[in-house]
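Visitor: So the sequences go chain by chain: A and B. Following this note's numbering, the numbering of the first sequence begins with 141 at its first residue and continues without gaps. Following this note's numbering, the numbering of the second sequence begins with 714 at its first residue and continues without gaps. Here a beta-carbon is modelled for each residue, glycine too, at the ideal position from N, C-alpha and C. As the structure is a prediction and not an experimental result, all values here were calculated from the model.
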Amino acid sequence: MKKYTLILLLLIAGFGTRAQTKEAVVKVSGEVTSPLTIGSADLQQYKQTTVIRKDRDGKDHTYSGVIVSDILTKAGVTLGSELRGENLAKFLLVEASDGYQVLFALAELDKGFTDRTIILADKIDGQPLAPADGPFRIIVQDEKKPARCIKQVTAMKVMFAK
Amino acid sequence: MKDNRQANYKLPLSLRKGKVCLILCLLLVVAGLTAYTGTEPTVPMGDYVFNYPANFGNRINVPANNPTTQQGVYLGRLLFYEPKLSATNTISCGSCHQQSKAFTDGKALSIGVNNGLATRNSMSLANLLWARKFFWDGRAASLEGQVAFPLTNPHEMGQPIEVSVQKLSNTKVYPGLFKIVYGDSTITGERIAKAIAQFERTLISANSRYDQYLRNVYQPTDDELKGMELFNRGADPEKGIRGANCTHCHGGPKTYLELFHNNGLDSISKDEGMAAFTGLVTDRGRFKVPTLRNIALTAPYMHDGRFKTLDEVVDHYSEHIKQSVSLSAFLQGESNEVGGKSLKLQPKEKKQLIAFLNMLTDSTFITDKRFADPHRSTKN
Chain A
141 MKKYTLILLL
151 LIAGFGTRAQ
161 TKEAVVKVSG
171 EVTSPLTIGS
181 ADLQQYKQTT
191 VIRKDRDGKD
201 HTYSGVIVSD
211 ILTKAGVTLG
221 SELRGENLAK
231 FLLVEASDGY
241 QVLFALAELD
251 KGFTDRTIIL
261 ADKIDGQPLA
271 PADGPFRIIV
281 QDEKKPARCI
291 KQVTAMKVMF
301 AK
Chain B
714 MKDNRQANYK
724 LPLSLRKGKV
734 CLILCLLLVV
744 AGLTAYTGTE
754 PTVPMGDYVF
764 NYPANFGNRI
774 NVPANNPTTQ
784 QGVYLGRLLF
794 YEPKLSATNT
804 ISCGSCHQQS
814 KAFTDGKALS
824 IGVNNGLATR
834 NSMSLANLLW
844 ARKFFWDGRA
854 ASLEGQVAFP
864 LTNPHEMGQP
874 IEVSVQKLSN
884 TKVYPGLFKI
894 VYGDSTITGE
904 RIAKAIAQFE
914 RTLISANSRY
924 DQYLRNVYQP
934 TDDELKGMEL
944 FNRGADPEKG
954 IRGANCTHCH
964 GGPKTYLELF
974 HNNGLDSISK
984 DEGMAAFTGL
994 VTDRGRFKVP
1004 TLRNIALTAP
1014 YMHDGRFKTL
1024 DEVVDHYSEH
1034 IKQSVSLSAF
1044 LQGESNEVGG
1054 KSLKLQPKEK
1064 KQLIAFLNML
1074 TDSTFITDKR
1084 FADPHRSTKN
């Protein structure tokens, strides 16, 4: 009997760790006052925005998510009235789970500089992004090439150009 | 002899003393010279200057606490080829990373001490100067950190670092060399790793026919040019553009981009790949996109060495990509046929693609004496 309980316990423990596949998150770090770790639920806490953009199929799609500068402001990045002087030499480096990296100058993300919206999206046409694209993807409104619409985002790091 | 000695006896004491001194001095010099050439060869000194083409870019990776020096590289090369670093004194890094095979070993799974099988296929060591994540799953963050794995892994060299340190300390050569490189003769695991890493950074491959083409000194054949076009272009059947889009993952002058992807080998990968430490389902069977430099020399292919030839590799990409949640987005919906599910290259195109892959062989790299086994002359 004891033996069976042990086996049962081991089995449960085993299933426990199997089922516990981790949740993908985005880490916000670097030149910030409070580093953030954002999961799907956290993203819903921010104001939601949509951006329409063509995908590879050539059709318009509606992406929804959160304006990147809102997330950076929450982390204490020098945007808005603070985006001047040496802070204009800062950039955001976005990294994906495959190691791909793209960068944006902070000024490209700031409403005071541009009306173009750049969001961290988690949905396409109301549905979660496909596994190979998500759960988080940067969508750059109106940018001709899709290369900076980086998929499977895992980290956003604010840095000074050296 | 006898006469001389007798003659010596006749000389005044002071003079005799002088002569004895001279002879002793000469003897010392001779002894010194033989000792010098015997155990301490001349070690090149000074900063090591990396030579590479400008189109490789300068995003190189040399940690601030391990600058590359000529003496460090010299020591690192000896250690890279040092079988004493293995439990059986038979295996060195060079056993599984052979220069003639662009630093691979020709086996599906590498064989370590006591014929133990490594769990994965050996990786080519070329242009690591630009790499920032190491191993098939990218789990090592530096070359210095990487070294400890093969040294101590029971299926590779299988020897605790302390034992390696002890063995090297007991040799004539190494304590002196460590002194030249690090200022004192203390041997430590960290110093071993640093020297090996320095040597590995010098393994630069930049003279394949593709490099020569990019330098405008080689005119590719028609097949090579067609293959290059296919390699570099995405398929767009509606516009009549044929392509294989390998460049998305393997592109650039180095044919290495440091990306990690699942390239559709299995629907459920036996080897978890990156998922083993990220715990994400989308990372299952996700591996480093390896360099294609010298690819014709590094068979068999993939993390488990499942494909014996480049034909099999190209067939895989053309017809056998397996769907799964972790399959790379770049390999989904890529086809040369309208609405097609797979790449569908024609037999001729496959040949052209392989002609291009053969352009990546750098025969200078695999014969460069600076990278060869320095123990060779004494060992064999």
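The region 234 to 264 of chain A: which residues have C-beta closer than 8 Å to a C-beta of chain B, in chain order?
Guide: Those residues of the region 234 to 264 of chain A that come within reach of chain B (Cβ to Cβ, closer than 8 Å) are S237, D238, G239 and Y240.
Visitor: Near L243 of chain A, which residues of its chain fall below 6 Å by C-beta distance, leaving aside the five closest residues on each side in sequence?
Guide: Here the set comprises F231 and L233.
Visitor: Tell me the residue span of the alpha helix (DSSP H) that contains K892 of chain B.
Guide: Here the alpha helix (DSSP H) through K892 of chain B covers V886 to Y895.
Visitor: Following the continuous alpha helix (DSSP H) through D1028 of chain B, name the residue where it begins and the one where it ends.
Guide: Element bounds for D1028 of chain B: L1023 to E1032.
Visitor: Can we say the region 941 to 957 of chain B touches the region 809 to 821 of chain B, given the rule of at least three CB pairs closer than 8 Å?
Guide: As far as the Cβ criterion goes, the region 941 to 957 of chain B does not touch the region 809 to 821 of chain B, which means the pair count is below three.
Visitor: Should P286 of chain A be flagged as near chain B, meaning a C-beta pair shorter than 9 Å?
Guide: No, no contact with chain B.
Visitor: Do A1012 of chain B and L1023 of chain B count as a contact pair if the criterion is CB distance below 9 Å?
Guide: Against a cut-off of 9 Å, the Cβ pair of A1012 of chain B and L1023 of chain B comes out as a contact.
Visitor: Any beta carbon from chain B within less than 9 Å of D182 of chain A's own beta carbon?
Guide: No, no contact with chain B.
Visitor: Beta-carbon within less than 7 Å of G851 of chain B's beta-carbon, same chain only, minus the 5 sequence neighbours each way: which residues are those?
Guide: Hits under 7 Å: F973, M987 and K1001.
Visitor: Measure the C-alpha to C-alpha separation of V1036 of chain B and A272 of chain A and round it to an integer number of angstroms.
Guide: Looking at the sequence itself, residue 1036 of chain B is Gln, so the reference to Val does not match. Approximately 11 Å, taken between the alpha carbons.
Visitor: Where does K1082 of chain B sit, in a helix, a strand or coil, going by DSSP?
Guide: Helix, per DSSP.
Visitor: Do L1044 of chain B and G965 of chain B count as a contact pair if the criterion is CB distance below 9 Å?
Guide: No, the pair does not count as a contact, with Cβ atoms beyond the cut-off.
Visitor: Might you give, ordered along the chain, the residues of its own chain that have their beta carbon closer than 7 Å to the beta carbon of E1025 of chain B, omitting 5 neighbours on each side?
Guide: So no residue of the chain qualifies.
Visitor: In its own chain, which residues sit with a C-beta less than 7 Å from the C-beta of E951 of chain B, not counting the 5 before and 5 after it?
Guide: Same-chain partners within the cutoff: V1051.
Visitor: Could you pull out every residue in the same chain whose Cβ sits closer than 6 Å to the Cβ of V894 of chain B, ignoring the five residues on either side in sequence?
Guide: Excluding positions up to five away in sequence, the list reads Q784, G785 and L788.
Visitor: Under 8 Å, with one C-beta from each stretch per pair, do the region 893 to 909 of chain B and the region 1049 to 1064 of chain B reach the 3-pair mark?
Guide: No, the region 893 to 909 of chain B is not in contact with the region 1049 to 1064 of chain B.
Visitor: Relative to the C-alpha of Y761 of chain B, which residue among B:M870, B:G871 and B:N779 is closest?
Guide: Y761 of chain B has its Cα closest to that of B:N779, out of B:M870, B:G871 and B:N779.
Visitor: Rounded to whole angstroms, what's the CA-CA distance from A910 of chain B to E857 of chain B? Just pull it up for me.
Guide: For A910 of chain B and E857 of chain B, the distance between alpha carbons rounds to 6 Å.
Visitor: Under the rule that 16 or more other beta-carbon atoms within 10 Å means buried, what is E163 of chain A, buried or exposed?
Guide: So E163 of chain A ends up on the exposed side.
Visitor: Quick check on the burial criterion: 16 or more other C-beta atoms within 10 angstroms. Buried or exposed for A908 of chain B?
Guide: A908 of chain B is buried by the Cβ-count criterion.
Visitor: Just list the residues that DSSP pairs V166 of chain A with in beta bridges.
Guide: In the DSSP output, where bridge partners are listed per residue, V166 of chain A has A:I178.
Visitor: Would you kindly work out how many angstroms separate the C-alpha atoms of T189 of chain A and A270 of chain A, rounded to a whole number?
Guide: So the two alpha carbons sit approximately 19 Å from each other.
Visitor: DSSP state of Y787 of chain B, grouped into three classes?
Guide: Y787 of chain B falls in the helix class under three-state DSSP.
Visitor: If you reduce the DSSP assignment to three classes, tell me which class V234 of chain A lands in.
Guide: Of the three classes helix, strand and coil, the one that applies to V234 of chain A here is strand, per DSSP.
Visitor: For the alpha helix (DSSP H) that contains H961 of chain B, what are its first and last residues?
Guide: T960 to H963 is the span of the alpha helix (DSSP H), which, as asked, contains H961 of chain B.
Visitor: Residues in the same chain with beta-carbon distance under 8 Å from L1056 of chain B, minus the five sequence neighbours each way, listed in chain order, please.
Guide: Hits under 8 Å: A948, A957, Y1030, S1031, E1032, I1034, E1047, S1048 and N1049.
Visitor: Tell me where the alpha helix (DSSP H) around A906 of chain B begins and ends.
Guide: Its alpha helix (DSSP H) spans residues G902 to R914.
Visitor: Excluding the 5 residues preceding and the 5 following S813 of chain B in the sequence, name in chain order all residues of the same chain whose CB lies nearer than 7 Å to its CB.
Guide: Counting only Cβ-Cβ distances below 7 Å, and skipping sequence neighbours, we find I1079.
Visitor: Identify which residue in B:M941, B:Y765, B:P863 and B:A854 has its Cα closest to the Cα of S918 of chain B.
Guide: Nearest of B:M941, B:Y765, B:P863 and B:A854 to S918 of chain B, Cα basis: B:Y765.
Visitor: Apart from the five residues just before and just after T781 of chain B, which ones in its own chain have a Cβ nearer than 8 Å to its Cβ?
Guide: Only D760, Y761, F763, V775, Q911, R914 and T915 meet the Cβ criterion.
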